[in-house]
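In UniProt numbering, the protein residues as written are 1 to 202. Cβ coordinates follow ideal geometry from the N, Cα and C atoms, glycine included. Single-structure report; data block below.
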């Protein structure tokens, strides 16, 4: 790992043919946390790589039964990646926007494990300043989170896990964000267009 110099080397190493997509994601997490690969650009590279692989990972999830170990392992690994924190400035706003768009577009399966990825994204402190400066991106993410959770609560998908605390955490996150944006007219518009209706339906 220490001999890798840049993006091409890292992507080539992650893309070795003996690894499947989940194996590559697990390896990405190891690289992210590794002191043997100190290149600060690795965070940017790995997030972009994750975005490119997310459709395939979600397709894999669609073909797995929610009560299987493989399904749980897949979504817990995706959540683990989303929970990773990075130094300030290590991931550009453009790449963060790409990540959120990928999550909103691809995380449509109604399951608690899938929802936990959306939840982790809203709660990752590395996104705090980014969301404050990109309220539209936050609005789209929160809309997907609200709609998915409402449908789960309505029982339109199977779940065996406890639902306790998720609604409170969601509402507290939204309340805190709204308080910080109290004087932001742009957020008021985003709130009305993306958040208000799914929130009232919850």
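| Query | Result |
| --- | --- |
| Cβ shell of residue 140 (< 8 angstroms), same chain only, five flanking positions each side left out | 100, 101, 104 and 194 |
| Cβ neighbours of residue 106 in the same chain (closer than 7 angstroms, five flanking residues each side left out) | 54, 55 and 58 |
| Beta carbon of residue 109 nearer than 8 angstroms to that of residue 61 | yes |
| Alpha helix (DSSP H) runs contained entirely in the region 4-71, provided each spans 4 or more residues | 7-14, 21-33 and 42-62 |
| Simplified DSSP state of residue 194, which is helix, strand or coil | helix |
| For residue 106, the first and last residue of its enclosing alpha helix (DSSP H) | 93-106 |
| Close beta carbons around residue 201, own chain, < 6 angstroms, minus the five adjacent residues each side | 150 |
| Where residue 171 sits in the DSSP three-state scheme | helix |
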